[in-house]
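Working notes, beginning with the structure itself.
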Amino acid sequence: MRKLTLPLSDADVRSLHVGDPILLSGVMLTGRDTAHTYFLDELLKDPLPESEKDVAAAVRPLLQGGAIYHCGPVVKKVDGGYSFVAAGPTTSIREEPYQGDVIKHFGLRVVIGKGGMGAKTLAACQEYGAIYLHAIGGAATLIAKTVAQVEGVYKLEFGVPEALWRIRVVDFPGVVTMDSHGQSIHEKVEADSRAVLQRLMKG
Amino acid sequence: MPQPLQIDLVEHGVELIRRASTVLPPDIKAALEKARDAEAVGSASQQALSTILENVAMAKADSSPVCQDTGTLIFYIDHPFGYSTAQMREQLDTATVKATEKSYLRPNAVHSVTGKNSGNNLGGGSPQYHFHEWDKDEIRIRLLLKGGGSENVCTQYSLPDNRIKAGRTLEGVRKAVLDAVFTAQGQGCSPGVIGVCIGGDRGASYAAAKEQLFRHLDDTNPDPALAELEHQLLAQLNGLGIGPMGFGGKTTVLGVKITTLHRLPACFFVSVGYMCWAARRAFMTIANGEVRYDA
């Protein structure tokens, strides 16, 4: 299985294809619904609001060549910090209106989640060099064990599931289901299953 | 005066929640093992199921949640005459708060206008309670943890539905369920369990569809026509080839369970409840001052 360490280059991403299993290591951010609108509505403001400068300075270098994980974890407080108890992926399609723009404006290389995404994200993956890495939905305890350290948290006021958790992962497992060459397993499975459905609907 | 509860539902409620969140029921686990063995060796689908089963074993060993989305808590409580449902609700609310503190549950109750998370899983409609008085001299509590990803792909049809050429017959019901599972693709964390209700008003229909998710995968529907439809749909849905996580493959659903409610002459609803592979349920029976757990 191919091992990759964040941040990734354009060449790293272009060498990956749908169906490739990957073990990903490095520092990344969790982010879901509130995070995506926050990135686009607040962090792209010019001038940047004073209140968001610290978060922007911390988050932008992580996103550049980096990964975002669609995940709302179960978190436990430990001495002086936090640890992840359960941290499987959430459904990614909710970020479809925003993901392509986040890839474009923040230089994101890896989008991690479950269920796949649509045409807009696929086009952004191709244009800017990014992949969609499908994590195993519900494999929450197993994935939490690949989170070696919770390095910090931004925007905790969004609530635990929606906050931006800064995590260092080791050998985070996933399968590339959308690549930077315009291929999507999700599109193919949908087309194949539609053909079966049409036969079954005839009774 | 209501009868006093024989046991403290707070402490045992926490244990019930712990079991539901961290231990997958044996029949679901066996079905996932069978699905793993059926997929092509080395395929992404088989890898997904192996990872799922590894995760299930870890969660049980560590008493940590099988899935981080610990879902909506749906309690069904059958009780003898004379008990206070307000008292049972209060104690199970407290159990829910404690289970959240112990990280068996994620804080999952969000105010729909302010967006504020209550932090302890309490709030309007959370947890959800269904009380029912029965003749038995025991209290039976059934808990379902219903995740949000699969909740988003639950759906309801009003037949006839010309879009899918479905009339007000079991054949129409078959088409509706096929369309629902096709539309869900891998989004509901397949392979899922499908609960269906034919009839009812819209609200009761959805609730009854979800109550079907308490049934064991290997049981048999007492209504022969529905039993046959369950059997037929199981085969046809798996024939769609959506597979685990939507990666393509042989197992798209683990089971199909169907019930009916009487309907108004004007209405014919088919409600499809989709439960992810992490089909978390746990049961508790209180009789003669003792507590027994099963799933």
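Chains X and Y supply the protein sequences, listed in that same order.
Residues are numbered in this note's numbering as their position in the first sequence, beginning at 1, plus a constant of 338.
Position 36 (the second sequence) corresponds to 21 in this note's numbering; numbering is contiguous.
Note that the Cβ used here is the ideal one computed from N, Cα and C, for glycine as well.
Computed from a predicted model, the values in this text were never measured in an experiment.
Cβ pair residue i, residue j closer than 9 Å
i	j	result
Ile469 (chain X)	Pro511 (chain X)	no
Asp358 (chain X)	Val513 (chain X)	yes
Glu39 (chain Y)	Tyr278 (chain Y)	no
Lys458 (chain X)	Pro435 (chain X)	yes
Ser190 (chain Y)	Leu129 (chain Y)	no
Gly132 (chain Y)	Gly476 (chain X)	yes
Asp509 (chain X)	Arg432 (chain X)	no
Tyr142 (chain Y)	Phe254 (chain Y)	yes
Ser421 (chain X)	Gly453 (chain X)	no
Gly438 (chain X)	Ala462 (chain X)	yes
Gly152 (chain Y)	Arg248 (chain Y)	no
Gly234 (chain Y)	Glu18 (chain Y)	no
Tyr89 (chain Y)	Thr55 (chain Y)	yes
Ile523 (chain X)	Val356 (chain X)	yes
Ala20 (chain Y)	Met230 (chain Y)	no
Val440 (chain X)	His374 (chain X)	yes
Gly306 (chain X)	Leu346 (chain X)	Chain X is shown from 339 up to 541; residue 306 (chain X) falls before or after that span and cannot be answered.
Leu400 (chain X)	Arg504 (chain X)	yes
Rounded separation between residue i and residue j - CA only
i	j	result
Val241 (chain Y)	Asp63 (chain Y)	24 Å
Thr81 (chain Y)	Ser69 (chain Y)	19 Å
Thr368 (chain X)	Pro145 (chain Y)	44 Å
Val166 (chain Y)	Gly67 (chain Y)	43 Å
Arg148 (chain Y)	Ala29 (chain Y)	34 Å
Lys121 (chain Y)	Cys182 (chain Y)	26 Å
Lys195 (chain Y)	Arg91 (chain Y)	21 Å
Glu311 (chain Y)	Arg265 (chain Y)	The requested residue 311 (chain Y) is not part of the displayed model; chain Y covers only -14 to 280.
Leu225 (chain Y)	Glu465 (chain X)	32 Å
Lys442 (chain X)	Asp379 (chain X)	14 Å
Leu222 (chain Y)	Pro250 (chain Y)	30 Å
Ala272 (chain Y)	Ala533 (chain X)	53 Å
Lys101 (chain Y)	Phe496 (chain X)	8 Å
Gly27 (chain Y)	Gly456 (chain X)	27 Å
Chain-order list of residues whose beta-carbon lies under 7 Å from that of residue i (same chain, five-residue window excluded)
i	result
Tyr259 (chain Y)	Ser135, Val138, Cys139, Ala169, Gly173, Gly177 and Ile179
Thr479 (chain X)	Ala424
Glu215 (chain Y)	Asn206, Val241, Lys242 and Ile243
Asp12 (chain Y)	His201, Leu202 and Asp203
Leu386 (chain X)	Ala394
For residue i, the first and last residue of its enclosing alpha helix (DSSP H)
i	result
Ser30 (chain Y)	Ala29 to Asp47
Thr81 (chain Y)	Thr70 to Glu86
Lys391 (chain X)	Lys391 to Leu401
Gln221 (chain Y)	Pro209 to Gly224
Ala16 (chain Y)	Pro11 to Ala23
Tyr436 (chain X)	Glu434 to Phe444
Tyr376 (chain X)	Asp371 to Tyr376
Ala424 (chain X)	Per DSSP, Ala424 (chain X) belongs to no alpha helix (DSSP H); it is in the beta strand (DSSP E), Gly419 to Ala424.
Leu128 (chain Y)	Not the alpha helix (DSSP H): Leu128 (chain Y) falls in the beta strand (DSSP E), residues Ile124 to Lys131.
Contact set for residue i: own chain, Cβ-Cβ below 6 Å, skip 5 residues either direction
i	result
Leu9 (chain Y)	Val41 and Val51
Ser48 (chain Y)	Thr7
Tyr105 (chain Y)	In the sequence as presented, Tyr is not what sits at residue 105 (chain Y); that position holds Asn. Closer than 6 Å at Cβ, skipping near neighbours: Val82 and Thr85.
Span of the beta strand (DSSP E) around residue i
i	result
Pro359 (chain X)	Pro359 to Thr368
Gln113 (chain Y)	Gln113 to Glu118
Val276 (chain Y)	Glu275 to Asp279
Ile62 (chain Y)	Thr57 to His64
Ala405 (chain X)	Ala405 to Tyr407
Tyr142 (chain Y)	Thr140 to Ser143
Leu239 (chain Y)	Val238 to Thr245
Ala283 (chain Y)	Because chain Y is modelled from -14 through 280, residue 283 (chain Y) falls outside the range shown and cannot be assessed.
Note down, one range per segment and in chain order, each beta strand (DSSP E) of at least 3 residues found wholly within the stretch 461 to 527 of chain X.
469 to 472, 485 to 492 and 502 to 516
Beta strand (DSSP E) runs wholly inside the stretch 150 to 187 of chain Y, at least 3 long, in chain order:
177 to 183
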